[in-house]
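Comments concern the structure below.
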Amino acid sequence: MTDGKRAERLTKRTVDAAQPAERRYIIWDVDLKGFGLRVFPSGAKSFIAFYRAGTGRKAPMREYAIGKFGTLTPEQARAEAERLLSAARLGADPQADKARLQREMTVAELCDLYLAEGTATKKASTLVSDRGRIEIHIKPLLGKKPVSSVTSGDVERFMRDVAEGKTAKPPEKLRKQVIRHVRGGKGTATRTVGLLGGIFSFAVRHKLRPDNPVRGVTRYKDGRCERFLSAKELGKLGEAITKAGAEGSNRLGLAVIRLLITTGARKGEIEGLRWDEVDFDRSALRLKDSKTGAKVIAIGAPALAVLSEVKAWAKEAQQEAEAKAKADGQPKPVPSPWVFPAGRGSDSHWTGTPKLWAKVSESAGLGDVRLHDLRHTYASLAVGAAGGGQSLAVIGKLLGHADVRTTARYAHLADDPLRQAADRIAQAAAAGLAGQSAEVVPIGKGQRSRKA
Numbered sequence: 000m001t002d003g004k005r006a007e008r009l010t011k012r013t014v015d016a017a018q019p020a021e022r023r024y025i026i027w028d029v030d031l032k033g034f035g036l037r038v039f040p041s042g043a044k045s046f047i048a049f050y051r052a053g054t055g056r057k058a059p060m061r062e063y064a065i066g067k068f069g070t071l072t073p074e075q076a077r078a079e080a081e082r083l084l085s086a087a088r089l090g091a092d093p094q095a096d097k098a099r100l101q102r103e104m105t106v107a108e109l110c111d112l113y114l115a116e117g118t119a120t121k122k123a124s125t126l127v128s129d130r131g132r133i134e135i136h137i138k139p140l141l142g143k144k145p146v147s148s149v150t151s152g153d154v155e156r157f158m159r160d161v162a163e164g165k166t167a168k169p170p171e172k173l174r175k176q177v178i179r180h181v182r183g184g185k186g187t188a189t190r191t192v193g194l195l196g197g198i199f200s201f202a203v204r205h206k207l208r209p210d211n212p213v214r215g216v217t218r219y220k221d222g223r224c225e226r227f228l229s230a231k232e233l234g235k236l237g238e239a240i241t242k243a244g245a246e247g248s249n250r251l252g253l254a255v256i257r258l259l260i261t262t263g264a265r266k267g268e269i270e271g272l273r274w275d276e277v278d279f280d281r282s283a284l285r286l287k288d289s290k291t292g293a294k295v296i297a298i299g300a301p302a303l304a305v306l307s308e309v310k311a312w313a314k315e316a317q318q319e320a321e322a323k324a325k326a327d328g329q330p331k332p333v334p335s336p337w338v339f340p341a342g343r344g345s346d347s348h349w350t351g352t353p354k355l356w357a358k359v360s361e362s363a364g365l366g367d368v369r370l371h372d373l374r375h376t377y378a379s380l381a382v383g384a385a386g387g388g389q390s391l392a393v394i395g396k397l398l399g400h401a402d403v404r405t406t407a408r409y410a411h412l413a414d415d416p417l418r419q420a421a422d423r424i425a426q427a428a429a430a431g432l433a434g435q436s437a438e439v440v441p442i443g444k445g446q447r448s449r450k451a
């Protein structure tokens with residue numbers, strides 16, 4: 000390490016201040032031996048790890064290029080250097096391993112590596128879809144190709160093949176897990192190419208290839224339709240829910256459906272709701288986790304009424320369970336943290352809404368309506384006079400849309416207008432379920448709109 004110009008802790012300030020010289024030089028980190036920053040005459044800066052490949056003084060020294068400054072922060076590079084240097088101390092040769100992977104790795108192997116190491120921040124539901132798209136579309140069409148040989152033309156052909164449905168039939172071993180999540184068509188092709196782009200970005204970060212072949216490929220527009228209920232359909236749905244309850248359908252599941260239409264929340268947010276996330280005093284659901292992270296959902300009086308009823312059921316069930324435990328000489332049972340528990344003795348929450356919805360929607364004559372369309376209906380009610388003609392900013396806040404500016408807006412939007420808006424929209428939804436007037440305003444022409 001004699002070619003280092005100086006030694007100091009590598010921080011963003013240090014790296015920013017490093018100036019190019021006539022010859023390239025290295026700044027070595029004072030805290031992590033073997034971790035450095037190479038500065039080139041052009042001004043480019045790259046993080047490196049310097050280690051001995053093997054044991055003994057005669058073992059060769061290796062230099063591993065971790066990545067460019069700008070692509071990686073000093074903190075990210077330091078973490079990667081710690082991993083590489085630790086592996087080298089245990090006898091590994093990261094540089095040789097990288098060269099071997101570059102020579103031999105196929106797209107299928109890259110996908111497996113991505114699932115193992117590149118998905119830590121993804122939610123379980125997203126990973127189910129990702130695995131399905133990888134196994135059904137990516138591996139069959141591109142899996143045998145070397146990672147380094149994939150071109151933009153390959154990606155374009157791949158997208159066309161997926162759109163034409165050439166891989167729509169799932170492998171037998173995955174049929175039960177993914178058949179509901181992965182299909183052919185242009186929408187699936189677009190989303191799968193998006194996933195492929197993420198996988199190749201992972202490959203670029205790990206120096207498995209220099210560029211991303213997905214970049215620059217023009218994708219199909221995502222043509223998923225958004226269906227929402229008319230006032231008449233809301234009335235039929237309300238009748239069907241009442242009928243299902245009278246026929247003995249799961250009352251918790253029916254309560255979930257009512258909350259979906261009166262809150263605009265996602266299915267997973269309601270099914271996985273915990274009692275400590277329900278704020279009755281401030282009329283809000285304070286979700287610790289959701290598809291878009293932690294968020295607050297303002298709710299109206301009809302939704303609060305449903306939750307109050309469910310809470311009364313939970314109290315009654317707990318009293319019965321405690322009485323039975325006492326009679327049997329058993330310890331007092333712990334109340335379930337879930338608003339919608341899976342069942343007595345279960346530690347999980349209810350997940351049977353789709354099956355129940357199929358029954359209720361068929362009874363209401365809503366054959367093409369999905370559970371998620373209840374969320375679209377809530378938004379359409381918000382746009383209409385029944386919901387007070389809310390602005391897009393307020394609607395976005397109510398629905399918790401994934402926007403990088405949404406969190407910043409939380410501090411500037413007053414709670415009272417949100418609660419009032421949520422109350423008006425929920426009242427409109429509840430009125431529709433009861434067969435009363437509820438104005439539903441089409442988003443675009445007809446009762447379907449397409450995502451931009």
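Residue numbers for the sequence shown follow my numbering, beginning at 0 and rising by one.
C-beta: ideal position from N, C-alpha, C; glycine also.
Straight across, the Cα-Cα distance linking residue 255 with residue 303 is about 12 Å. In the three-state reduction of the DSSP assignment, residue 274 falls in the helix class. Of the residues assessed, residue 21 falls on the exposed side of the cut-off, its CB having fewer than 16 other CB atoms within 10 angstroms. Of all alpha-carbon atoms in 338, 275, 191, the one lying nearest the alpha-carbon of residue 258 is that of 338. As the crow flies, the alpha-carbon of residue 286 is around 40 Å from that of residue 8. Ranked by Cα distance from residue 10, the first of 230, 76, 50 is 76.
By the Cβ-count criterion, residue 39 is exposed, with fewer than 16 other Cβ atoms from all chains shown falling within 10 Å of its own Cβ.
With a contact defined as Cβ atoms closer than 8 Å, residue 370 and residue 248 miss out at about 15 Å. Of the residues assessed, residue 372 falls on the buried side of the cut-off, its CB having 16 or more other CB atoms within 10 angstroms. According to DSSP, residue 6 shares a beta bridge with 27. The beta carbon of residue 42 sits closer than 6 Å to those of 19, all from its chain and outside the five residues before and after it, given in chain order.
For residue 219, there is no enclosing alpha helix (DSSP H), as DSSP marks it with neither H nor E. In this model, residue 367 and residue 85 are separated by some 56 Å (Cα to Cα). Within the same chain, Cβ atoms closer than 7 Å to the Cβ of residue 242 are found at 362, the five residues on either side in sequence being excluded. Per the C-alpha coordinates, the member of 380, 204, 227 positioned closest to residue 116 is 204.
Within the DSSP secondary-structure output, residue 47 pairs in a beta bridge with 35, 64. Rounded to the nearest whole angstrom, the C-alpha separation of residue 60 and residue 48 is 11 Å. Residue 244 and residue 305 have their C-alpha atoms spaced approximately 14 Å apart.
With a cut-off of 8 Å on Cβ pairs, the region 226 to 235 is not in contact with the region 323 to 333, counting fewer than three such pairs.
When 189, 95, 97, 87 are compared, the shortest CA-CA separation from residue 136 is found for 189. The secondary-structure analysis by DSSP pairs residue 105 across a beta bridge with 145.
Here residue 349 carries a coil assignment [DSSP, helix/strand/coil].
Counted as a single uninterrupted DSSP element, the beta strand (DSSP E) harbouring residue 285 occupies residues 283 to 286. For residue 300, the CB contacts under 6 Å within the same chain, skipping 5 residues up- and downstream, are 422 in chain order. Distances from the CA of residue 295 to each of 125, 272, 433, 37 were compared; the closest alpha carbon is that of 272. By the criterion of a C-beta distance shorter than 7 Å, residue 28 is surrounded in its chain by 8, 9, 34, 35, once the five residues flanking it on both sides are discounted. In chain order, 363, 434 place their CB closer than 8 Å to the CB of residue 238, counting only its own chain and leaving out the 5 sequence neighbours on each side.
Counting only the Cα atoms, residue 280 lies some 14 Å from residue 310.
Out of 200, 55, 268, the CA that lies nearest to the CA of residue 348 is found in 268. Nearest in C-alpha terms to residue 53, of all of 15, 130, 94, is 94. Take the alpha-carbon of residue 357 and the one of residue 288: they are about 27 Å apart. For the 8 Å CB-CB criterion, residue 109 and residue 207 form a contact.
Here the alpha carbons of residue 353 and residue 375 stand approximately 17 Å from one another.
Nearest in C-alpha terms to residue 51, of all of 72, 90, 80, is 90. One alpha carbon belongs to residue 240, the other to residue 140, and they sit about 45 Å apart.
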